[in-house]
Amino acid sequence: MKKFNIRKVLDGLKEQASSSASSGQSGTQENNLMQETLQSENFQLCKTVRHGFPYQPSSMAHDPVQKILAIGTQSGALRLFGRPGVECYCQHESGAAVISLQFLINEGALVSALADDSVHLWNLRQKRPAILHSLKFNRERITFVHLPFQSKWLYIGTEKGNIHIVNVESFTLSGYVIMWNKAIELSSKAHPGPVVHISDNPMDEGKLIIGYESGIVVLWDLKSKKADYRYTYDEAIHSVAWHHEGKQFICSHSDGTLTIWNIKGQGKPFQTITPHGKQPKDGKKPEPCKPILKVEYKTTRLGDPFMILSGGLSYDTVGRRPCLTVMHGKSTAVLEMDYPIVDFLTLCETPYPNDFQEPYAVVVLLEKDLVVIDLAQNGYPIFENPYPLTIHESPVTCCEYYADCPVDLIPALYSVGSRQKRQGYSKKEWPISGGNWGLGTQSYPEIIITGHADGTVKFWDASAIMLQVLYKLKTAKVFEKSRNNKEEKQNTEIVDEDPFAIQIMTWCPESRMLCVAGVSANLIIYRFSKQEITTEVVQLLEVRLQYEVNDMESPPEGGGGGDRGGGGDRDLPTPGTASPSPQTTGPPTHPSTSSNSSDGVRDNVACLKVRSTPLKQSPGYQVELVVQLVWVSGEPPQQITSLALNSSYGLIVFGNSNGLAVVDYLQKTVLLNLGTVELYGSNDPYQRQPRSPRKTRQPSGGNGLCDINEGSASEDRCKSPTSAKMSRKLSLPTELKPDLVLLSVCPPRGANPLDHRDNSFSRSRSSSVTSIDKEAREAITSFHFCETFARKGDSTITPCLYVGTSLGTVLAVALNLPPAGEQRLLQPVIVLPSGTLGRLKGSILRMAFLDNTGTFLPPAFELWYEPNAVGADSEERDKARKRRPVSVSPSTSQELQESQYAVVCSEKQAKVIALPSQNCIFKHSITETSFVLRADVVQMNIGNCVACFCANGHIMTLSLPGLRPLLDVNYLPLTDMRIARTFCFTNLGQAMYLTSPTEIQRITYSQETCENLQEMLGELFTPMETPEAPNRGFFKGLFGGGATSLDREELFGETQAGKASRGLAQHIPGPQGLEGMKGAASGVVADLARARIALDERGQKLGELDERTAAMLASADSFGKHAHDMMLKCKDKKWYQF
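Each number in this note's numbering corresponds to the 1-based position in the sequence shown with 2 added.
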């Protein structure tokens, strides 16, 4: 009897758990043959930079000396901007809205106040700013914050009307409090409302203006602790601003008026202005206007002062856009904005409030844009914004990311994109110019491409952690503008909104060929040219890609995917045939050759109408061919779920839930048009039930692909209709709810069904084939062009197309291409389905190929050439470039050793398959409980790996070819549709996704990049001298009248003001405290920071010693007093009286 060995059983279980066990002896041999270079220590995940406009901004601040801008958002984010390329993103842990920001001017620090009544001090003297101190108010709500220039005492106004004072160095509360009932008239019984403004008199730091919401303004004397003057107006106050001489101030009110007050004239305002009110002739008060939300009063040495305000328009201007009003002397300029104004700041030459301000620009923060207006030029032109803040100009619907591109690509795109720039900007340099660039060693070119809801495609230079727009392509120009004819729309369109939205993009950086798929079941193929051309007729192919088996047809006959092109009568392909002849008739030149048939059934109608007039095409991307799927017998075309392009072969392939089509874009013909089942031939492993064709119009469950205004309430609108079972209403049994819709998110070339009814990533089907699955079609989810072995046991490599489906099958299609040059344009390309490579769990997301040494084999490509070049020389050069020789070195004895390895990744698992034997040598189960949203085979510096992003938020990398787990990080605890749709990996350890509708977040999973990141990041703070204070002048110094200073330390310090109430606020030290500052002190300010740290430490220790000494003294005093009392009490008592 054989002895039972428990160790062997345990070893077997371990192998099974890791799922990377080799199948049979061959796997072990392969592992020994190929040494894997990548190890787990080569991987580390961290965020690098965030680009784009801060989503839902709420507040803004500017440092006039450092010239940096800070923007806070409703989600507690903080974005800091210096010169173009110097940006920084920070996040408050609580996620509460940032209601106010105050720079410690030229100190490298920033104070933020949040809606959860906490105040934080940020240290900006390090590349990644960190919180040093926090103070959380427990009893009162914060409404306003003010920090005077060169002061360390912060004034905090509250909802109760009180003002508290905080020392920003120690972040402790002063015992000095201005109570609302002492500030207002004693006879007044009504509460004045929350504090809406605090500021000190520019000429007298001891006088403080306090504005209350109800309309009361108080001039408070800090030394005497009483109100000097009170100013009352019967309209609510929104903001207050000083004249620099400190003798006048201006208030903005809720009825659209401005009141100017002399500080010593408290009865009524010196002047009342209604900037946008109509003045009645009979001398009555003008009609009330909308509230003026903010006003700023800035003086100039030589001319009239500027009054700048937001709001205040009259109520009869219905539908008028938000405005900023600039009043200068007798002129009033009303500047219309595209979005509502959140805040604005006037940039001035001096940081001193008691000097002539000399304003030169206004920064206007809008809900979805940042505008800077030049005040020094006539007409107030805006500055050209150098920051990448236009990502969301139209909502982003898909993204692609390419690292290590050809070096000539970015200059080429920039040269054509520079001609698209608008004119009329200010000629001055961008005024926010602080900080210094990082010293990055990362030099390879990176490009991000974004597709948008209006059909635009933007190319961005993403090299060296910066982002700059290079070129913008408008794909909607190819189509006729839709008229507002509702009946016509209902007849043809398959989506209710954004019919031109980009759904998938594929790009070949070497040849610069671009192909985009839109939501209206259309494809546009573009070539790059540096010359302008006029296209008389846009080339068009119409494809009847429809696979529906109805009761009248037998299943085999129903497999015909319609005809193989547009226009004219063509034969249906017979099931199982593998070499359909190419289309011989020319492509139709007009959008549709037939429309609704006599019985009202829509047939051969495309969803969009291609323009029939000549199209002028500027240098850049120019239309080569348009392919449209058409309605078939009243059935709408299904949206495209996968797409691939190969410039060497001159082919485009696309698929949807019906099947796939291969298009030769050189000959403008459809080569193959098959239902998915026909790819299997007679070896179809699935039993497919006949279905009747649907007569109903496809609902657009996800309306638009994305919505800029999305929040939790509108997440459903952002669920992308980019799927295999795209918004399909299934023919369910009557007892089931008929409104169940299966949606899936489609990272380019992949489709993952999601449940439409909630925002979680729960799977809408189980792994077993349910009744719904039998009804649902097998969609095409991914493609890969390659030069490999088409069939099992082949001895030669040929051009092939590999096809992945939603049921996890990988199928091969052989491509027989004519010789390059003239024959390629005349002879047909033969396309031959060649059987199945293998099956995996879940939809196929990605395929790639390695040679027998484990080196990545990129698909063949042609190099770019100028398509519109003229002359014999250029023609000869172009022909020579048509095909790239394939550099594969198979072993001399094919029988003994495999020559290639196919890497296939699905939603659930990854496999490595040896070719041509088609043996699975490695497999790994990526996830059991979740599913993969995006997978890419990426090249690192020293090897290749598979990178995966799962719906449960995990980011993973697997080695190649062994599929060993190298990295597994739970990165995103909460995922949503936007992230799923836009997440992409690229080479050299880079990845990105849309973290909000307006912002791109870039991350790295490379240890090397993480280590170099500190050097690559820019510095926000630059040590510089504070400008000199304004000269008081001889007579002002002699007779008074200049600025008077105040010893705030004496007034607010503990000696005179006492201690603050203990329960009012809680002090929270920074997450790392002094230790964190030590680690962060680096670069130019290292010595300064270290000196500061030493002082802080010394001060902290001395403070602690002082506190302990004081406590001991108090204890000794108390003990002495008690002893003395006891002695007096017992002095005259006899011993028996005790």
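A virtual CB, placed ideally from N, CA and C, is assigned to each residue, including glycine. None of the values given here were measured: they were computed from a predicted structure.
Compute the beta-carbon to beta-carbon distance between residue i and residue j, rounded to the nearest angstrom, for a pair I have assumed lies under 8 Å.
| i | j | result |
| --- | --- | --- |
| Val88 | Gly437 | 4 Å |
| Val113 | Val179 | Wrong, their Cβ atoms sit about 19 Å apart, outside the cutoff. |
| Val100 | Leu137 | Actually they do not touch by this definition, with Cβ atoms about 15 Å apart. |
| Leu40 | Leu968 | 6 Å |
| Ile412 | Pro447 | 5 Å |
| Phe985 | Tyr995 | 4 Å |
Any idea what DSSP makes of residue i, helix, strand or coil?
| i | result |
| --- | --- |
| Gln902 | strand |
| Glu1001 | strand |
| Val545 | strand |
| Ser136 | strand |
| Asn183 | helix |
| Lys1133 | coil |
| His1126 | helix |
| Leu817 | strand |
| Leu175 | strand |
| Ala117 | coil |
| Tyr416 | helix |
| Ser644 | strand |
| Met339 | coil |
| Arg793 | coil |
| Met994 | strand |
| Lys479 | helix |
| Gly823 | coil |
| Met36 | coil |
| Ile449 | strand |
| Cys748 | Low local confidence applies: a pLDDT of 38 at Cys748 is under 50, so the model's placement there is unreliable, with the coordinate-based value given in what follows. Cys748: coil per DSSP, three-state reduction. |
| Val497 | coil |
Could you pull out every residue in the same chain whose Cβ sits closer than 7 Å to the Cβ of residue i, ignoring the five residues on either side in sequence?
| i | result |
| --- | --- |
| Ile846 | Thr783, Ser784, Gly806, Thr807, Gly810, Val812, Val906, Ser908 |
| Leu188 | none |
| Lys1167 | Any property of residue 1167 remains undetermined from this structure, which presents the chain solely from 3 to 1140. |
| Asp236 | Gly217 |
Report yes if the CB atom of residue i is closer than 7 Å to the CB atom of residue j, and no otherwise.
| i | j | result |
| --- | --- | --- |
| Ile434 | Lys129 | no |
| Ile200 | His148 | yes |
| Gly453 | Met507 | yes |
| Leu252 | Ile239 | Looking at the sequence provided, one finds Ile at residue 252 rather than Leu. Contact: no. |
| Thr2 | Val336 | As displayed, the chain neither begins before 3 nor continues past 1140, which places residue 2 out of reach and without an answer. |
| Lys49 | Ile1005 | yes |
| Glu900 | Gly54 | no |
| Gln641 | Ala455 | no |
| Leu673 | Val480 | no |
| Cys350 | Pro361 | yes |
| Asp257 | Pro288 | no |
| Val518 | Leu617 | no |
| Gly314 | Pro355 | no |
| Asn870 | Gln533 | yes |
| Met942 | Ile467 | no |
Quick one: residues in its chain with C-beta nearer than 6 Å to the C-beta of residue i, no 5 flanking neighbours on either side, listed in chain order?
| i | result |
| --- | --- |
| Ala949 | Asp938, Val940, Thr959, Phe987 |
| Leu103 | Ser61, Ala63, Ala72, Gly74, Ser114 |
| Gln630 | Asn524, Glu544, Ala608 |
| Ser599 | At Ser599, the pLDDT of 47 sits below 50, so the modelled position is not reliable; the number obtained from the coordinates is stated separately. The answer, listed in chain order, is Asp605. |
| Glu38 | Ser961, Gly964 |
| Asn203 | Lys209, Gly248 |
Excluding five sequence neighbours on each side, which residues of the same chain lie with their C-beta closer than 8 Å to the C-beta of residue i?
| i | result |
| --- | --- |
| Thr651 | Note on identity: in this sequence residue 651 is Tyr, with Thr being the wrong assignment. If we look at Tyr651 and ignore the five residues flanking it on each side, its Cβ neighbours are Phe787, Pro801, Leu817, Leu819, Val831, Ala862. |
| Val67 | Ile107, Asn108, Pro353, Met1026, Thr1028, Pro1029 |
I want to see whether chain B comes within less than 7 Å of residue i, judged by CB atoms only; does it?
| i | result |
| --- | --- |
| Arg232 | Absence of chain B from the displayed structure is noted, only one protein chain being present. |
Comparing the CB of residue i with every heavy atom of the ligand SAM, is any distance shorter than 6 Å?
| i | result |
| --- | --- |
| Val88 | The ligand SAM is not among the ligands present in this structure, which contains no ligands whatsoever. |
The segment 295–307 in contact with the segment 271–281 per 3-pair CB rule at 8 Å: By the Cβ rule, the segment 295–307 does not count as touching the segment 271–281, because fewer than three pairs are nearer than 8 Å.
Could you say if the segment 345–353 and the segment 387–403 meet the contact criterion of at least three C-beta pairs nearer than 8 Å? Touching, no, given that fewer than three Cβ pairs across the two stretches are closer than 8 Å.
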